[in-house]
């Protein structure tokens, strides 16, 4: 049977009736701002902008799952999309109009760019030939690609973002660098040359070749020769697609005035997950009300007794800490409940997508992941909003900003869950509210909650129904339909040059 997680989009906001670009809400592209003058660019945009299924078409002749199985993390791959697909992608990014695209981009704090700021950026691009890079774009096609990636391949990373680049042919080329994310770049217009040298896929931070090392690990990292004989050049033309794994060195030079879109998928190294779990676990166990700051006696010599106690606790409870502090998953979202970087969805939407852990036992106890905070907002007499926020305890890395719209009947039990940090499923049976059971299963699957009883007993995490995940060293999840299309896969993968 086919997994519902691999099925086509469910309940995705239709974009086929888009008449022209809205200036108010990028997350609701079907809304028209009445009274807003129609610009020449808007008149040129086709009456119907179809962006559904762009994600599927992006990897043809492979499916996204087949691409992951054969190419993800295994080196550089390059291919091209056909002209009709490119036209749909181009239309979904307002045909590359600089101002229109910038209006649908956000700052790091999720704020919109003011009109004056956009004018400054346009002036720098057109008159000073400066490359415009906006890492957080929410044009219609960007929203569709991001949401489709989360639904189909969300287990591959903890964050998916879409960025845009506008470059001039006589602008400055980028320096040699590598990124700590997977990068899929689609060339929309003009030409670019990408120079590439292989690197270490286990990159935990993006860095430039000329940047000073900040620690011993960075200082001992080998730096490759960047001569033309040591690098490979990929010439990107309209419709070209290039995949580069994390840690691979590259520099980019615009050959013509051009516009490109990049899909960034950021993953978390196991070492960071372990560090997050240890930090959160020690805070919960030892730090309330007691000073544990480094002081006299900690700068050298033998460890003090209170430090030894913490080390012993980590040694004996590390697996439990990690089970209770898993990195939150990406959660599929609905456009109408999304505001830039802050995503959201109805509980019923997530249930229809089967974004759920298996049914809970009657007397199971769940706990709140120490990486996550729960915010509760009453909306009206029927509905409320559960805001999920997760920011690293040892850095500024964001893991999750998501709102779930659900029945207000859940407010009281959610107050108990927020205040106590634990919740018994026996209360679900007593309340008779089926949506509470659904919500708990969604939160368990998202790693917002963990199963307290099993983890405390040292049994490890309960298995959840995974919708899709890429290949790993411990298990292989076959892509849908792989066994029936071996010849097509062989032919397609041979065309992906590396």
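Residue numbers (UniProt numbering): 1 to 498. The C-beta atom is built at its ideal place from N, Cα and C for all residues, glycine as well.
Coil, strand or helix - residue i by DSSP
{"i": "residue 236", "result": "strand"}
{"i": "residue 377", "result": "strand"}
{"i": "residue 280", "result": "helix"}
{"i": "residue 54", "result": "helix"}
{"i": "residue 113", "result": "coil"}
{"i": "residue 437", "result": "helix"}
{"i": "residue 94", "result": "helix"}
{"i": "residue 408", "result": "helix"}
{"i": "residue 254", "result": "strand"}
{"i": "residue 266", "result": "strand"}
{"i": "residue 37", "result": "Any reading at residue 37 needs caution, since the residue's pLDDT is 34, under 50, leaving its predicted position unreliable; the model's value is listed next. It is coil, neither helix nor strand."}
{"i": "residue 13", "result": "Here the model assigns residue 13 a pLDDT of 32, short of 50, so the residue's position is not dependable and the matter cannot be decided."}
{"i": "residue 274", "result": "helix"}
{"i": "residue 425", "result": "coil"}
{"i": "residue 70", "result": "helix"}
{"i": "residue 401", "result": "strand"}
{"i": "residue 323", "result": "helix"}
{"i": "residue 341", "result": "coil"}
Among the options, nearest to residue i - alpha-carbon criterion
{"i": "residue 166", "options": "191, 113, 143 and 176", "result": "191"}
{"i": "residue 202", "options": "185, 180 and 110", "result": "180"}
{"i": "residue 329", "options": "72, 73, 137 and 154", "result": "154"}
{"i": "residue 322", "options": "270, 343, 296 and 365", "result": "270"}
{"i": "residue 342", "options": "111, 320 and 246", "result": "111"}
{"i": "residue 56", "options": "420, 144, 231 and 380", "result": "144"}
{"i": "residue 158", "options": "267, 436, 417 and 349", "result": "267"}
{"i": "residue 141", "options": "118, 300, 114 and 96", "result": "96"}
{"i": "residue 176", "options": "149, 207, 200 and 147", "result": "207"}
{"i": "residue 295", "options": "419, 99 and 307", "result": "307"}
{"i": "residue 102", "options": "447, 340 and 251", "result": "340"}
{"i": "residue 372", "options": "357, 389, 380 and 379", "result": "389"}
Straight-line Cα distance separating residue j from residue i
{"i": "residue 242", "j": "residue 258", "result": "15 Å"}
{"i": "residue 172", "j": "residue 210", "result": "16 Å"}
{"i": "residue 54", "j": "residue 408", "result": "36 Å"}
{"i": "residue 213", "j": "residue 198", "result": "20 Å"}
{"i": "residue 292", "j": "residue 277", "result": "18 Å"}
{"i": "residue 272", "j": "residue 385", "result": "30 Å"}
{"i": "residue 224", "j": "residue 156", "result": "28 Å"}
{"i": "residue 221", "j": "residue 133", "result": "28 Å"}
{"i": "residue 10", "j": "residue 229", "result": "Residue confidence for residue 10 is low, a pLDDT of 31 falling below 50, so the modelled location carries little weight; the figure read from the coordinates is stated next. Cα-Cα distance, rounded: 49 Å."}
{"i": "residue 289", "j": "residue 400", "result": "28 Å"}
{"i": "residue 196", "j": "residue 185", "result": "14 Å"}
{"i": "residue 115", "j": "residue 264", "result": "27 Å"}
{"i": "residue 411", "j": "residue 251", "result": "51 Å"}
{"i": "residue 355", "j": "residue 442", "result": "6 Å"}
6 Å Cβ shell around residue i - same chain, five flanking residues per side excluded
{"i": "residue 240", "result": "80 and 187"}
{"i": "residue 363", "result": "426"}
{"i": "residue 500", "result": "Any answer about residue 500 is impossible in this case: the structure gives the chain only from 1 up to 498."}
{"i": "residue 314", "result": "278"}
{"i": "residue 391", "result": "398"}
{"i": "residue 108", "result": "none"}
Proximity of residue i and residue j at Cβ, strictly below 8 Å
{"i": "residue 440", "j": "residue 451", "result": "no"}
{"i": "residue 425", "j": "residue 361", "result": "yes"}
{"i": "residue 332", "j": "residue 151", "result": "yes"}
{"i": "residue 163", "j": "residue 136", "result": "yes"}
{"i": "residue 403", "j": "residue 337", "result": "yes"}
{"i": "residue 298", "j": "residue 233", "result": "no"}
Other residues of its chain near residue i: CB distance less than 7 Å, five sequence neighbours each side excluded
{"i": "residue 104", "result": "26, 137, 138 and 139"}
Neighbourhood of residue i by C-beta distance below 8 Å, restricted to the same chain and skipping five residues each side
{"i": "residue 275", "result": "394"}
{"i": "residue 217", "result": "none"}
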